[in-house]
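Laid out in structure tokens, this is it:
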């Protein structure tokens, strides 16, 4: 199982190439893309959940995606075995940001449209889902907070750097 996790992680890292759009006229990076690229850089890195149940370890790894996007991998380990995982991407579709979640066993990716954002927070929603309907992230000193929720329930996640 560890070999599979390492292979998945290696694949993820190798597939996260930065793509730069260049002007056909003078080779300059488009100013708009440069501004978009940095919006959520506080997510970049390897993070471990600090409020996890005993015996479990949950991680989120975020890297630059193509264009102005970001790519993430979330997984939970129990006794060294992966018991849950999903891939995430924060993508620009037309003029709006979308958080795309791909979970094993699901036929289609699930898209959550960004409904609010600031320099240190963002919230994405998909009202057609039972749970979660809302996913929120908030930057904090040394990490970030995340939560998944609907009208009846909220699950908080506290993440700190996994690199010491």
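Numbering (UniProt numbering), first residue to last: 1 to 164.
Backbone N, C-alpha and C define an ideal beta-carbon position, used for all residues, glycine too.
Quick caveat, the model's predicted, so the values are computed rather than measured.
query                                                                                                  : result
Spatial distance of residue 109 from residue 87 (CA atoms)                                             : 9 Å
Complete runs of the beta strand (DSSP E) confined to the stretch 60–121 [at least 3 residues]         : 70–78, 81–93, 96–102 and 110–117
Exposure label - residue 79; buried when at least 16 CB within 10 Å                                    : exposed
Contacting residues, own chain, Cβ-Cβ under 6 Å from residue 131 (five flanking each side not counted) : 150
Cross-strand partners of residue 42 (DSSP beta bridge)                                                 : Residue 42 is not bridged to any residue.
Exposure of residue 120, with buried meaning 16 or more beta-carbon neighbours within 10 Å             : exposed
Whole-angstrom distance between residue 71 and residue 176, CA atom to CA atom                         : Outside the shown range of the chain, which is 1 to 164, sits residue 176, and nothing can be said about it.
Collapsed DSSP secondary structure at residue 151 in the structure displayed                           : coil
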